[in-house]
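Asks: Start counting the sequence shown at 10; every next residue gets the next number (the working numbering). Even glycine gets a Cβ: it sits at the ideal position worked out from N, Cα and C.
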Amino acid sequence: MRIPSRRPGPPPTACSSWSQTPATSLIGWEGSAREPISLTLPEDDATWISGGRADVLAVTLAAGGTATSDPIRPGRRLKWRTVKATGPDGKPVEGQQFFATWDPEGGRFATLAGDLVSAGDIRVALVDPTLKTALEIVLDRGVLPAPPAWIDGERLVLVTGDTAAPLATIVDTATGELSDGPSGDRLLATSADGRVIATVAGRRAPIVIHDTAGWLAGDGSSIAAIERPDASTSVIAMALDATGDRLAVAWAAGDGTVSIAVHVGRSGWRRVVEPAIGAARGAVVAWRR
Numbered sequence: 010m011r012i013p014s015r016r017p018g019p020p021p022t023a024c025s026s027w028s029q030t031p032a033t034s035l036i037g038w039e040g041s042a043r044e045p046i047s048l049t050l051p052e053d054d055a056t057w058i059s060g061g062r063a064d065v066l067a068v069t070l071a072a073g074g075t076a077t078s079d080p081i082r083p084g085r086r087l088k089w090r091t092v093k094a095t096g097p098d099g100k101p102v103e104g105q106q107f108f109a110t111w112d113p114e115g116g117r118f119a120t121l122a123g124d125l126v127s128a129g130d131i132r133v134a135l136v137d138p139t140l141k142t143a144l145e146i147v148l149d150r151g152v153l154p155a156p157p158a159w160i161d162g163e164r165l166v167l168v169t170g171d172t173a174a175p176l177a178t179i180v181d182t183a184t185g186e187l188s189d190g191p192s193g194d195r196l197l198a199t200s201a202d203g204r205v206i207a208t209v210a211g212r213r214a215p216i217v218i219h220d221t222a223g224w225l226a227g228d229g230s231s232i233a234a235i236e237r238p239d240a241s242t243s244v245i246a247m248a249l250d251a252t253g254d255r256l257a258v259a260w261a262a263g264d265g266t267v268s269i270a271v272h273v274g275r276s277g278w279r280r281v282v283e284p285a286i287g288a289a290r291g292a293v294v295a296w297r298r
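1. So what does T208 bridge to, in DSSP terms?
2. On the three-pair Cβ rule with 8 Å, is the stretch 64-77 touching the stretch 160-169?
3. How about I81 and R255: are their beta carbons less than 9 Å apart?
4. Tell me which residues share the same chain as A295 and place their Cβ nearer than 6 Å to its Cβ, disregarding the 5 neighbours each side in the sequence.
5. Mind checking A32: buried by the 16 CB within 10 Å criterion, or exposed?
6. Mark R16 as exposed unless 16 or more other C-beta atoms lie within 10 angstroms of its C-beta, in which case mark it buried.
7. When the distance is taken between beta carbons, is P157 closer than 9 Å to T120?
8. Are the stretch 143-162 and the stretch 179-197 in contact at 8 Å, needing three or more beta carbon pairs?
9. Within the stretch 217-258, note down every full beta strand (DSSP E) run reaching 3 residues or more, in order along the chain.
10. With a threshold of 7 Å on Cβ separation, who are the neighbours of P51 within its own chain once the five nearest residues in sequence on each side are excluded?
11. Specify the secondary structure class of G277 as computed by DSSP and reduced to three states.
12. Between the stretch 220-227 and the stretch 256-276, do three or more beta carbon pairs fall short of 8 Å?
13. Mind checking which residues open and close the beta strand (DSSP E) that includes D130?
14. Quick one: is V92 buried, meaning 16 or more other Cβ sit within 10 Å of its Cβ, or exposed?
15. Am I right that D171 and G151 are in contact with their C-beta atoms under 8 Å? What's the rounded C-beta distance?
16. With a 10 Å radius around its C-beta and 16 neighbouring C-beta atoms as the bar for buried, classify T30 as buried or exposed.
17. What residues in its chain sit with their C-beta under 6 Å from that of I230, if we drop five residues either side in the sequence?
18. Using the three-state DSSP reduction, which class does D64 fall into: helix, strand or coil?
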C-alpha cells in the first residue's frame, strides 16, 4: 500500500501491492510520488485498505479479521491493533470479513462478512473500532465480491445478483432495509462524501464517473468516462478522493502485470501520474483523509 504526505504535489494515493510470493508491502509516497517510504503492515497480511478520519487506516486481514492503524506519520513506525468488536449479543462477527470501507465520517466501517466463495449467508457488518461494537445486517440475496460503497452517512451500496446481471442493492444501515438501485455495474467506488460515484460495468468496460444522485435516479448522465489503457487491461480496484475530483485506479494487464494511475477531474480526467509499484501482481488503492 502506498500513502503520500499532504505536501503539494501529485494527488495522494494509497495502495497495497503483492508479488507472486504472498508478501504484501505498505509504502508511502512523499509529494512527488516518486520516492516511496515503507510503512509497517499488521503481522497478518492485509487484503484491503480504507482511509478514515485523522489519517487512520482500516484493513481486512488474510485471516479474515480487521485491524486499524494509529494516525499516519511518515517516517515513523505505523502501529496496528486488531479490531475486537462484538454485537449486541456479545459475540464477534461470524465468518471471514472482506472489504473494510470507512463511512463518510470516517468513524465506522462496513465489511462483507461470510463466505463469498459459496455466496451463502453474506452479511454487512458495521464496525465501530473505537466503541468495539458491530452490527450485522442479513442480506437476502446473492452478493458479488466487490467492496461496499457509501452514498451518505446512513446508506451504502452493494453489488448483488450475479456477474451476468449485477444489481446495486442499497442498504439502509439505520433500519436494515434493502432496496434495488441501478443495474449493470460490477464495481463501484464513491467519494468520501458520497456525492460522486465511479462505476465499471465489466472487465472490458470503461470507468464512468457520475453524480451519485443522478446515478441513483437512473437519469443516464455522467461526468466523464475513462477508457482502459489498452484492449487487454481491466480494472481490479479504484478509489475516489474526498470530493470525487481524483480517481486512483489499479489496472491489470493481460500478461498479469499491475500498474497504478491517478486521474484528475480538473485536468479533464487525464492520467496525471503513474506511481511505480515494481513487479506487483495485484494491488488495491485508497485515499488518505
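Replies: Short version:
1. L197 and V217
2. no
3. no
4. A23, I58, S59, G60 and A248
5. Confidence in A32 is poor, its pLDDT being 47 and thus under 50, which makes the residue's placement unreliable; the coordinate value appears in the next sentence. By the neighbour-count rule (16 or more Cβ atoms within 10 Å), A32 is not buried but exposed.
6. No answer about R16 holds up, because its pLDDT of 38 lies below 50 and its placement is not dependable.
7. yes
8. yes
9. 233-235 and 243-249
10. V68, L70, A76 and W89
11. coil
12. no
13. G129 to D137
14. buried
15. 6 Å
16. Low per-residue confidence applies at T30: pLDDT is 38, beneath 50, and the placement is therefore not dependable, though the value from the model is reported in the following sentence. Flag for T30 reads exposed.
17. One point to set straight first is that residue 230 is Ser, not Ile, in the sequence displayed. Cβ neighbours of S230 beyond the five flanking positions: G223.
18. helix
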